[in-house]
Every structure is written in structure tokens, then in C-alpha cells.
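Chains as they are written, first to last, in full-length UniProt numbering: chain A, 1 to 757; chain B, 1 to 155.
Cβ atoms here follow ideal geometry from the backbone N, Cα and C, with glycine treated the same way.
Below is one structure; the comments refer to it alone.
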Amino acid sequence: MSGPPIRLLRRSFLAGLGGALSGLALGSFARAEPALPPAVDPAAKAAAEAEGAGLRPNLFVHVTPNGGVQIVCARSEMGQGVRSSLPVLIADELGADMSRVEVVQAPGDPAYGDQNTDGSHSVRGFYDALRKLGACARMMLIAAAAKQWKVAPNTCTAHDHAVHHEASGRSLGFGELAIAASKLPVPKDILLRPKAELLHVGKDLPLLDGPAIVDGSAAYGADIVLPGMRTAIVARPPVVGGRATAHDATGALAVPGVRAVVPLPAPTPPFAFQPLGGIAVVADDTWSAMRGRAQLEITWAAGANGEYDSETYRKTLLAAVGLPGVVVREVGDVGAAMAGAARRVEAVYHVPHLAHATMEPPAAVAQFHGQSCEVWASTQNPQAARTSVAKALGLDEENVTVHVTLLGGGFGRKSKPDYVVEAALLAKATGAPVRVQWTREDDIQHDYYHTVSTQRLVAGLDAQGKVVAWEHRTAFPPIGSTFSDTALSAPGELQQGVLDVPLAIANVRAENCEARAHTRIGWLRSVANIYHAFAVQSFIAEIAAARSRDPRDTLLEIVGPPRIVTLKELGVESLPNYGQSLDEHPIDTARHRRVIERVTELADWDNRQKNGRALGLAVHRSFLTYVAVVVSVVHGPDGKIRVDEVWSCLDAGTLVNRERVHSQFEGAVIFALSHALYGEITMQQGATVQSNFRDFRLMRFPDAPRAIHVEIVADDGPSCGVGEPGVPPVAPALANAIFALTGQRVRDLPIARSLKV
Amino acid sequence: MTITLHVNGKPHVLDIDPQMPLLWALRDHVGLTGTKYGCGQALCGACVVHLDGEAVRACVTPVRRADGRAVTTIEGLSPDGSHPLQKAWVELAVPQCGFCQAGQIMTAAALLAKNPSPSDADIDTSLAGNLCRCGTYLRIRTAVKQAAAAGGKEK
Numbered sequence: 001m002s003g004p005p006i007r008l009l010r011r012s013f014l015a016g017l018g019g020a021l022s023g024l025a026l027g028s029f030a031r032a033e034p035a036l037p038p039a040v041d042p043a044a045k046a047a048a049e050a051e052g053a054g055l056r057p058n059l060f061v062h063v064t065p066n067g068g069v070q071i072v073c074a075r076s077e078m079g080q081g082v083r084s085s086l087p088v089l090i091a092d093e094l095g096a097d098m099s100r101v102e103v104v105q106a107p108g109d110p111a112y113g114d115q116n117t118d119g120s121h122s123v124r125g126f127y128d129a130l131r132k133l134g135a136c137a138r139m140m141l142i143a144a145a146a147k148q149w150k151v152a153p154n155t156c157t158a159h160d161h162a163v164h165h166e167a168s169g170r171s172l173g174f175g176e177l178a179i180a181a182s183k184l185p186v187p188k189d190i191l192l193r194p195k196a197e198l199l200h201v202g203k204d205l206p207l208l209d210g211p212a213i214v215d216g217s218a219a220y221g222a223d224i225v226l227p228g229m230r231t232a233i234v235a236r237p238p239v240v241g242g243r244a245t246a247h248d249a250t251g252a253l254a255v256p257g258v259r260a261v262v263p264l265p266a267p268t269p270p271f272a273f274q275p276l277g278g279i280a281v282v283a284d285d286t287w288s289a290m291r292g293r294a295q296l297e298i299t300w301a302a303g304a305n306g307e308y309d310s311e312t313y314r315k316t317l318l319a320a321v322g323l324p325g326v327v328v329r330e331v332g333d334v335g336a337a338m339a340g341a342a343r344r345v346e347a348v349y350h351v352p353h354l355a356h357a358t359m360e361p362p363a364a365v366a367q368f369h370g371q372s373c374e375v376w377a378s379t380q381n382p383q384a385a386r387t388s389v390a391k392a393l394g395l396d397e398e399n400v401t402v403h404v405t406l407l408g409g410g411f412g413r414k415s416k417p418d419y420v421v422e423a424a425l426l427a428k429a430t431g432a433p434v435r436v437q438w439t440r441e442d443d444i445q446h447d448y449y450h451t452v453s454t455q456r457l458v459a460g461l462d463a464q465g466k467v468v469a470w471e472h473r474t475a476f477p478p479i480g481s482t483f484s485d486t487a488l489s490a491p492g493e494l495q496q497g498v499l500d501v502p503l504a505i506a507n508v509r510a511e512n513c514e515a516r517a518h519t520r521i522g523w524l525r526s527v528a529n530i531y532h533a534f535a536v537q538s539f540i541a542e543i544a545a546a547r548s549r550d551p552r553d554t555l556l557e558i559v560g561p562p563r564i565v566t567l568k569e570l571g572v573e574s575l576p577n578y579g580q581s582l583d584e585h586p587i588d589t590a591r592h593r594r595v596i597e598r599v600t601e602l603a604d605w606d607n608r609q610k611n612g613r614a615l616g617l618a619v620h621r622s623f624l625t626y627v628a629v630v631v632s633v634v635h636g637p638d639g640k641i642r643v644d645e646v647w648s649c650l651d652a653g654t655l656v657n658r659e660r661v662h663s664q665f666e667g668a669v670i671f672a673l674s675h676a677l678y679g680e681i682t683m684q685q686g687a688t689v690q691s692n693f694r695d696f697r698l699m700r701f702p703d704a705p706r707a708i709h710v711e712i713v714a715d716d717g718p719s720c721g722v723g724e725p726g727v728p729p730v731a732p733a734l735a736n737a738i739f740a741l742t743g744q745r746v747r748d749l750p751i752a753r754s755l756k757v
Numbered sequence: 001m002t003i004t005l006h007v008n009g010k011p012h013v014l015d016i017d018p019q020m021p022l023l024w025a026l027r028d029h030v031g032l033t034g035t036k037y038g039c040g041q042a043l044c045g046a047c048v049v050h051l052d053g054e055a056v057r058a059c060v061t062p063v064r065r066a067d068g069r070a071v072t073t074i075e076g077l078s079p080d081g082s083h084p085l086q087k088a089w090v091e092l093a094v095p096q097c098g099f100c101q102a103g104q105i106m107t108a109a110a111l112l113a114k115n116p117s118p119s120d121a122d123i124d125t126s127l128a129g130n131l132c133r134c135g136t137y138l139r140i141r142t143a144v145k146q147a148a149a150a151g152g153k154e155k
């Protein structure tokens, strides 16, 4: 087997940020993929040593005597643009010339802080911290120059990759100062620049990894090649918690290229990040391993989940929301208000399991060295990968190194390192470096699925049509079931569209009804907001229809007047608020209203039924970001309902990279449309029915909207999330548009169950 | 069995199973990992390469079909990433995760070779077999048209 050398994830910012300086246009980064051969000749060795010296005030910044600046990105890149965004906070504070900045991907290590790249918190969690790291290096470079010039540091400035003493016209480059600065004490009190001096932050920034992606050199988990590496394909139990009771490896071992057949340990509940077990075929190349797996004879025992059936479970959930659950939110007296209501509107919504289906199926490479293990993985969660590998191999964590590659999509799937552990176990078992490659079938059938959910909403209206009572019951197997034996949800899920929805209604009650999991439940981009926003935002449009009012007016009426919504008004004792304080990130209905008003203006809401189109609207705050979406649907020539145009307006607070914010919200529309229109994972006899893109359908070019318009309506105040909040309002806006077009109300997703789409 | 592939202008003599999909021959034996595995069933287009100039799905193309023929992968589309499609992709910041983009670009390159100024409908039809989970379809449409305007057919 031959292959390219191991490529670590290092990439240079080169010319291209010039355009972004003025915020005018996207530049392009020239390619720079430093080769990493061992330094053999003396000159190269000296150069490497010079590279290693210089100023390293912290783990994230390195200014070399050659004037290079290396900035560490400790969060995983999965398409959200984090590598093109976070390092710029450090570089701008430093005053670096972007063309001389190289971004180095951090391995998994708690020394880098939180590296679990999910929850849409890379920017909001690190904005100030990263600035401080850059500012610290800047202060030391300035101190070194001031010392040399015998001037006061506060008479010096740092910009354009040099320290300047304007009064005397003197300048010293960062490289010239690096060694001297490295000998100075690291300052304790860090002074940030005025925000106006951050030259690139908040602008449209070029895509760091773009050039490597388009020429094929960008390395993902499956692209790592080690000398002597084998490839493993694993036959996993079809049912979660099942196990192989017997297997015959004869046929597999007879396939040329197959080296070993290795049983993997069956997991014990709770399954958490454990591999699913099964039988691995380890071979010289991928094709041989695939052929070998096809020849395995395995007898499976299904275990406790062998009866799981989606049609039956649908009835279970429906029954669950028919009975009172645990009250999680309460204001006023819903019972009395319902009893006194002139009329009631009631609806039940069902959203099925969904798969992550990242374009890159899970893959990881591991090499076992006896007392240590090194892995390369496309992981969102390198520290959990490290911990899990250490535990599985019985090693100290210090002896496990996790290199993070680019991720071919993540969406929450790659926060769970089960596939990384598989690679490590097989590297140890076989003594050779092993790449575990999941096939698409493996990926669709052995996911940590987005949960299945049923919700029942009831509204009481008075004689004038005003909503006087609101009752919301939600039932779904919780994510917690993957980590403990529980059937009730955590506040972390209920805050996502149940506890936190502003309702200008006097009597409100929300209940969580028990639901037991029979498969692995995980988090999928925007998580519980997917089904809660679908139900709540569809239901508000149903109320509008029931009282024959404009859905937009009804939505604004229920959101209510501009105000900060208190816990008391919500009727909850506390709110996780995505880990942020309510003081800094209150629920502010002025921001809801602003995105609603702007998106309906852009979509020409008052002419919502012109030229054969129909519009639907939804708003949702998630990950602290406010998003309103309008979807326009038309009848296609083929009798199908087509999504023609989508508008998405957002307020995510202060931004780092406007361009990537746009791209995330554009992508979120397609991602959410796929699920709403076609997305469904079903179970029969405990096993997943779907297996590939033939039956887990995703949106394709011909069905993609003609246009998606994204507008950032505000960009001040504390930073909020970006990767996920674009998703939740899309499905209800689509369902509301379809109702406006056809009169048919879709309460069961996917829409393809009931309509031709 | 010995198979000779002319990949990006260079010959590679491989002693492999003739039934092995071209995708795995390229990735595991030629050492070119720019061509991606996404589904193995010609459903997603992540593996598209050119076989004598025609776009094919390498995941379902037995390597024997490529014996003695010219294979172009994303690594060989241009010597330095300067194909009009590659340039347009970078300028418009098309990729998100990027995993599907080699297949998108190779499919679009085959389209432009035949149809130098495609309409939206032409692009949609040609790229209907290429999935993007991140949802970059609209930027891809724009980028293909931009590359066409820049003379995508010349390459």
C-alpha cells in the first residue's frame, strides 16, 4: 500500500485578506501546505530549531524569529468555518499580517480548554479569551521593542506585523522581536485593543481551507495513511444492545487481502460513547475488508431492543401525550381558562427519528505503540475521544494523542467517538495501524439518532379570538437515555422550544411526558429545537387559521410587545439558557419582532398569494440567536410542491466572520428542508429500515430553492450561536406555506408521507 | 491481475482485484485521496472522476474498466488549482465541510467541457446526482456560471 505522507492540519493565511480589510470582497488564500519531512540536513535542522524558538506566551500563539505567526485552532472544523474565524481574533489583537499567519490544529487536550465543538458556542465561548491570548503576545512584543528603544511601552503600537514607535519613526518586525520578547515576563493584566482596531473581525473573511478543498489536498479522517496501515470494516449488531452469539470467519479469511477477523466487545448500558461491538474484518485495503465482511457468518441476538418498531412506537408516544406529564412550566390557571374558553384549537405533531448522514461517514486511524496510542480522527470532541480511547485500552490519558483532521460534516454525530475507539481497539488487537471506515450503510443504520417525538398543543380562545390558554405536552426519548437509565428529558432539551418560548398568554402550562428509548439517541444540529419549533410555530399558524387572521399578526400578538421576558413570566424556576446568564442574554421579544418584521418585509408578505406562490412564516430563538424565516412554495409543473424561495433573517449578536454566518444560514435552510420534506428513519424489529441515500433521501439540486436570501439584521451585543439556529424555523415555515398553498396542514413529518414533494 | 491506470498523466501499474472499484484503487493503491467515498452505490457523487474525459462514479466503476485508460481526479484537474471552477469555488467560498466538493467540481468540469454556458436547469440536471449535506447548492450554481463566464470550457 502506498499513500501520501501524513498530513497534519496546518494551513497558512496568505494574501487575500486585503479585500477583506475593506470588507469589500472575499479574497482567496493561496495554498500553503507545509510538508513535514523529518529534518535531516543540518540547514533544515537549524531552520526547524529556529522555527521552534521565539515567543510562545501561551499555547495558542507562536511568533517565530523568522516572523512567522502560528495560531492554534482548538475547535474542530466541520464546515462551520471555525478555522477561518477564531484565529482571526488572535491575529487581529496581535496586529499580524494575515499573509504570515499559519493556523495549526490542536490535538485533543484539556490544556486547550473546551474543545467539544457543538452547541454553537465556539464564538460566544471564546471571543474574549482568544483576544486576550493575542493581546498578551502583542504586549510582550511591544515591551521588547520599548526596552530596546528605551521608550515607554505605551508610546508604541503594534500593527502590520511590527511594533512601531511613531514619535521616532522606528519599527521592528515581530520576527526581530520574538526572541527578546520570549525572555520577558508574561503580563498578568491584559489590555485589549479598542474594537475599532480589530481590522478583520466582523468582516467577510476568506476561507482558510478553501484552496486545499478544491484541489483535493485537504485531509479528512479517512484520508490519513500510515505506513503498513490496514483497513477495518465492522459488522455491528443490527439492534442496539444486541450481540454476536456465534460467528464463522472462514469465508472472510479466505478473501485475498483479509488479515484478521476480530470480535469487538459488546457494550454494556448505558451505551454512551462505547462502540456497538460486532465483528471486525481487518484487511490490506478497503475493498478486501468490505468483501471480507460480506463473507462473515454471524448469529445475532437482538437483546432488549429487538421489538422496537416505529409504527407501534408512534402509538406509544400518542398515548403518552394524551395523559398529563410532569409540569415543567406553568403560569396562571390553564384548566380554568380552557374550561371558560369560547373555543379550543388542538393539534398533535409527530417528528420521526433522523440520521446525521454526514457526507464523510465516520472514519478514524489509530496506531498502538505498546504503552501509548496515537489516533487521527474527524472528531468534534477530541478530548472525549482521548478519554474513551484511554479507557478502552487501559492507558493513561497522557499516553493517548488525538490528532484532529478536517471533518466531512459533523452535525453532532462526530461528537460521539465510538468509531475512534473501534480503531484503537483494532490497532491494539492486530499490532498494525488501523483505519476504521464506516460504510454509508453503517452510518445510516448505526447512528446516534435524532430522537422521535410527539407533541400535543391545545389553545383556548375567547369569544374575540384572543388566546387565553396554552397547553403544550412533549414526549420524546431523551438524549440522557444514552448516558443513563432515564425516560424524562433534561432542562437542556426542554429549554429548546418549550420553556423559553415567549407567549403573551395569561395561562400557560407545559408538560414533559415519559418516553423510553430503544436505540441510541444523540444530538443533531439544533437538537430539540427541531421538533419543538416545528410544533409551536405550526400551531400558532393553526390558531391564525382558526380565527381567520393573518399568521404574521397572530405570531406578533403571541410573541407579544417588546420586552425582556422574565422567568416569572415564562413560569419556570430556572432556564439553562445555553449556558449563558439571562442578564447577558435575556429573552428579548424586541429582537424576535425585529427579525419577523424584517423577513416579512423582504418577502413582501402583504402580497403573499401572488403569482401562484404562497408564503409561510416562523420565528425561533435558539442558541441565543433570533431567526425568522419565510418560505415560498409553488405548484411545480410535475404536480409536486416546490420550495421556490426562502428568506432567513437573523440576529446573532457580534460576529467574527460575516461570510461564514451567511453560508451557515444558507446551508441550514437546505439541511432543514431535507428533513422536513423527506427525512425519516424508521425501525422494525429493533433495526433501522433505511440504509443509504436511496431511502434516506436528501434534497438534491433540482429540488433546491431558486434563491435563499439571508440577512443579518443586527450584529451588536454579546455573540450568540450561528451553526445551528438557522435550522429550527425552516420546517414550520414550510408547513405553514404548504397550508397557505393547499389548505392541507402537515402535522406529521416528513411532508413526503402525505404530499408529493 | 495487472491493471494499468493513467492517472493525471502518470502510469500506475497495479496488481489488484479487477473487480475493485476504481475509487478504492485510487485511494488505497494509487494514494490519491482527493476522490471521496460517500455512499458506494452511485447515489451521492462524492467519488466522481473523469474516465477518458467522461464523468464516472468511481465507487461503482470496476477498476478493470479503467485499464489502459486516462483517469483524471481532482488532484489532476489543473496543475495548481487554477481551473476556472476551482477559482470560482474559492472566490465564492462555496465549500462548507468540503467533503463533497471534489465530486461537485469534477461533475461540473465535465458539464462545462460539453456545455460551455449552462443554464440553471442544465446545472441542476448535471449535478442532480451530487449530494451536499451542508447545503451549498446555490453557491455551486453561481460558481459554475461564474466559471463558465471565465471560460471554463478551455480547461
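- Distance check between A:P725 and each of A:G497, A:F623, A:L94 places A:F623 closest, using alpha-carbon atoms only.
- In the DSSP assignment, A:F174 falls within the unbroken alpha helix (DSSP H) covering 174-182.
- In the structure shown, A:A196 adopts helical secondary structure according to DSSP, grouped into three states.
- Collapsing the DSSP output to three states places B:P84 in a helix.
- No residue range can be given for B:G129, since it is assigned to no alpha helix (DSSP H) and is classified by DSSP as neither H nor E.
- Around A:L354, the same chain offers Y449, H450, L524, H675, G679, I681 as residues with beta carbons nearer than 7 Å, after the five sequence neighbours per side are excluded.
- Taking a C-beta cut-off of 7 Å against chain B, the contacting residues of the segment 271-301 of chain A are D285, T286, W287, listed in chain order.
- Residue state for A:R124 is assigned as helix, using DSSP reduced to three classes.
- Judged by their CB atoms, A:V661 and A:A733 are not nearer to each other than the 8 Å cut-off.
- Chain-ordered, the chain B residues with CB closer than 7 Å to the CB of A:A218 read G98.
- Taking a Cβ-Cβ threshold of 9 Å, the residues of chain B close to A:A222 are R27, T33, K36, Y37, in chain order.
- Identification of chain A residues near B:Q41 by a Cβ-Cβ cut-off of 8 Å yields R440, N692, F693, R694, ordered along the chain.
- At a C-beta separation below 7 Å, A:G409 has these neighbours in chain B: C97, F99, R133, C134.
- Beta-bridge partners of A:E346 (DSSP): A:V458.
- Closest option to B:G45, judged by alpha-carbon separation, among B:A149, B:S119, B:T107: B:T107.
- Relative to the Cα of A:F483, the nearest Cα in the group A:F271, A:R329, A:G277 belongs to A:F271.
- Runs of the beta strand (DSSP E) lying entirely within the segment 601-680 of chain A and spanning at least 3 residues, in chain order: 614-622, 625-635, 641-651.
- Non-local C-beta neighbours of B:P18 in its own chain, meaning closer than 7 Å and more than five positions away in sequence, comprise M1, I3, P62, V63, R64, ordered along the chain.
- For B:T125, the nearest CB of chain A lies under 8 Å from its own CB, placing it at the interface with that chain.
- Of the candidates A:P576, A:R552, A:L86, A:A260, A:L86 places its Cα closest to the Cα of A:T117.
- At least 8 Å separates the CB of B:M1 from every CB of chain A.
- Under DSSP, A:F368 takes part in a beta bridge, and its partners are A:C373.
- Its chain contains R230, R259, A260, V262, V282 as the residues whose beta carbon lies nearer than 8 Å to that of A:T430, once the 5 sequence neighbours on both sides are disregarded; these appear in chain order.
- Taken atom to atom, the span from the alpha-carbon of A:G221 to that of B:C47 is near 16 Å.
- With 16 or more other Cβ atoms from the protein chains shown falling within 10 Å of its own Cβ, A:Q274 counts as buried.
- B:A70 is positioned such that its CB atom lies no closer than 8 Å to that of B:S117.
- When rounded, the separation of the alpha-carbon atoms in A:D114 and A:A714 is 28 Å.
- Under the Cβ distance rule, A:G667 counts among the residues neighbouring chain B, one pair being separated by less than 8 Å.
- Within the same chain, M140, A143, A144, K147 come within 8 Å of A:L184 by CB-CB distance, once the 5 residues on both sides are set aside.
- Shortest Cα-Cα distance from A:T387 to any of A:Q380, A:S378, A:E398, A:A377 involves A:E398.
- Around B:A102, the beta-carbon contacts reaching into chain A at under 7 Å are G216.
- Under the 8 Å criterion on CB atoms, B:T73 is classed as interfacial with respect to chain A.
- For the C-beta of B:P21, the chain A residues within less than 8 Å are, from N- to C-terminus, W287.
- If you look at B:V30, you'll find it isn't in any alpha helix (DSSP H); DSSP assigns it neither H nor E.
- Residue range 230-235 is occupied by the beta strand (DSSP E) that includes A:I233, with no alpha helix (DSSP H) assigned at that position.
- The Cβ of A:G210 sits closer than 8 Å to at least one Cβ of chain B.
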